[in-house]
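Peer 1: Just so we're aligned, residue 0 is where the sequence shown starts under numbering that gives the first Met the number 0, counting upward by one. Ideal Cβ positions, reconstructed from N, Cα and C, are used throughout, including at glycine. First, the structure itself, so that you have it in front of you.
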Amino acid sequence: MKAAFLPDRGVVKVAGEDARNFLNGLVTTDVTRLAPGLARFGALLTPQGKIIIDFLITEAPAGHGGGFLLDCPRALAQGLTDKLRFYKLRAKVTVENLSDSMGLLAAWDGSFAMRPDLSFADPRDAALGWRVLVPQELAQKVADLIGAELVDSQAYEAHRIACGTPRGGLDFIYGDAFPHETNMDRLNGVDFDKGCYVGQEVVSRMQHRGTARTRTVKIILDDFAPEPGTAIMAGDKPVGTTGTTAGPNGLALVRTDRVADAIEAGIPLTAGGLGLRLADPGSIRAPEKKTVA
């Protein structure tokens, strides 16, 4: 098993007697399903349905003070804290940015020798492994406890990319992407029957009408690593942009209809004049409609 402390991740805590209902009325995931040791993937959206910030959320056990802990991009943790405080109005909740004292250890390729407190399986994809909320100075101690080799965070990045999981700020732009475009509907990040939340009407309409035409897909590269944001071309027609890469694996944000047309016509895809291909051409097909993510 491998483990890596992720310095780009922060932690925001929401507590108080109204915390569960408060969060459930704001975010894309069903907070009522949370319990200590479990996690959900979700996001806070604009009223227009675009992602402000995405996160993993778990419930802290009573021995750790209770409340809900949001594993989010550290650079956006204070902004998330301020946004939630803005929304709370008279709700009996407190919101704290704990990122200076608490961080994230990711663990993958194996099972825990011993499961630590504040750990949970990554709800997006079982292949991503586990997450442990832990101060950075205890990362080595926790790695030893769970029986993992502590490695650099770039090793986890390569693993994330190989799993085909997009990362906000690199594979898509916060404030500019809809949940379907970043595969949140496929990564258990949207509950379509939970009731209202900010941006819910737009997301539900995209789901039921099947209007998402842009998707994040996994790509295979042949001995080159384009910069994120490099245009992907099918002949002389732009069909998307590249995201993060690691070795032969990469992610891209593409217009699925244009890529499907290119594949059907036998037109190769290129970025910077060099060839690439989809790891799974089936990923550009519309997903089956469902009511629960």
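Helix, strand or coil: how does DSSP classify residue 113 here?
Peer 2: The answer is coil: DSSP assigns residue 113 none of H, G, I, E or B.
Peer 1: Please specify which runs of the beta strand (DSSP E), each continuous and at least 3 residues long, are wholly inside the segment 0-81, giving them in chain order.
Peer 2: As far as the segment 0-81 is concerned, its whole beta strand (DSSP E) runs of at least 3 residues are 1-5, 8-14, 38-44, 50-58 and 67-72.
Peer 1: Less than 8 Å between the beta carbons of residue 9 and residue 27, yes or no?
Peer 2: Going by C-beta atoms, residue 9 is not nearer than 8 Å to residue 27.
Peer 1: Using the Cα positions of residue 19 and residue 75, report the straight-line distance between them to the nearest angstrom.
Peer 2: Straight-line Cα distance between these residues: approximately 22 Å.
Peer 1: Within 10 Å of its beta-carbon, does residue 275 have 16 or more other beta-carbons around it, so buried, or fewer, so exposed?
Peer 2: When all chains shown are included, residue 275 counts as buried.
Peer 1: Can you tell me whether residue 57 is buried or exposed? The criterion is at least 16 other CB atoms within 10 Å of its CB, across all chains shown.
Peer 2: Its Cβ being crowded by 16 or more others within 10 Å, residue 57 is buried.
Peer 1: Taking Cβ positions, are residue 250 and residue 240 nearer each other than 8 Å?
Peer 2: Result no, Cβ atoms of residue 250 and residue 240 do not sit closer than 8 Å.
Peer 1: On the DSSP bridge assignment, give the partners of residue 237 in chain order.
Peer 2: DSSP, once it has assigned bridges, lists 232 as partnering residue 237.
Peer 1: Just verifying my parser: in three-state terms, what is the DSSP assignment at residue 105?
Peer 2: If DSSP states are grouped into helix, strand and coil, residue 105 belongs with the strands.
Peer 1: Cα separation between residue 233 and residue 261?
Peer 2: Cα to Cα, the separation comes out at about 6 Å.
Peer 1: Cα-Cα, which of 171, 164, 210 and 151 is closest to residue 227?
Peer 2: Out of 171, 164, 210 and 151, 171 has the C-alpha closest to the C-alpha of residue 227.
Peer 1: For residue 60, collect the residues of the same chain with a Cβ closer than 6 Å to its Cβ; drop the 5 residues on either side in sequence, then sort them by chain order.
Peer 2: The answer, listed in chain order, is 35.
Peer 1: Counting pairs of beta carbons, one from the segment 77-97 and one from the segment 42-54, are three or more of them closer than 8 Å?
Peer 2: Yes, the segment 77-97 is in contact with the segment 42-54.
Peer 1: CA-CA distance, residue 267 and residue 255?
Peer 2: Their Cα atoms are separated by approximately 15 Å.
Peer 1: Taking the alpha-carbon of residue 92 as reference, which of 23, 32 and 160 has the nearest alpha-carbon?
Peer 2: Among 23, 32 and 160, the Cα nearest to that of residue 92 is on 23.
Peer 1: For the beta strand (DSSP E) containing residue 120, list its first residue and its last residue.
Peer 2: 118-120 is the span of the beta strand (DSSP E), which, as asked, contains residue 120.
Peer 1: Exposed or buried, what is residue 110 when buried is set at 16 or more other beta-carbons lying within 10 Å of its beta-carbon?
Peer 2: Classification of residue 110: exposed, given that the 10 Å Cβ count is below 16.
Peer 1: Going by alpha carbons, who is nearest to residue 144 out of 156, 277 and 115?
Peer 2: For residue 144, the nearest C-alpha among the options comes from 115.
Peer 1: With C-beta atoms as the reference, is residue 95 less than 8 Å away from residue 1?
Peer 2: Going by C-beta atoms, residue 95 is not nearer than 8 Å to residue 1.
Peer 1: For residue 242, name the three-state secondary structure that DSSP assigns.
Peer 2: In this structure, residue 242 counts as strand in the three-state DSSP scheme.
Peer 1: Taking the alpha-carbon positions, what's the residue 252 to residue 236 distance?
Peer 2: About 15 Å.
Peer 1: Leaving out five residues before and five after residue 47 in sequence, what residues of the same chain have Cβ atoms less than 8 Å from its Cβ?
Peer 2: These residues qualify, in order along the chain: 198 and 201.
Peer 1: Residue range of the alpha helix (DSSP H) that residue 255 falls in?
Peer 2: 255-264 is the extent of the alpha helix (DSSP H) around residue 255.
Peer 1: Could you tell me the distance, in whole angstroms, from the CA atom of residue 98 to the CA atom of residue 68?
Peer 2: When rounded, the distance between both Cα atoms is 11 Å.
Peer 1: Return helix, strand or coil for residue 191, following the three-state DSSP convention.
Peer 2: Correct three-state label for residue 191: coil.
Peer 1: Using the rule of at least 16 other Cβ atoms within 10 Å of the residue's Cβ for burial, across every protein chain shown, is residue 204 buried or exposed?
Peer 2: With fewer than 16 Cβ atoms within 10 Å of its Cβ, residue 204 is classed as exposed.
Peer 1: Helix, strand or coil: which one does DSSP assign to residue 131?
Peer 2: Correct three-state label for residue 131: strand.
Peer 1: Looking at the strands, I want to know which residues DSSP matches up with residue 293.
Peer 2: Any question about residue 293 goes unanswered here, given that the chain covers just 0 to 292.
Peer 1: Name, in chain order, the residues that DSSP records as bridge partners for residue 148.
Peer 2: Answer is 1, bridged to residue 148.
Peer 1: Sort 124, 50, 280 and 12 by Cα distance to residue 263 and report the nearest one.
Peer 2: Taking only the C-alpha atoms, the option nearest residue 263 is 280.
Peer 1: Put residue 197 into one of helix, strand or coil per three-state DSSP.
Peer 2: Coil, per DSSP.
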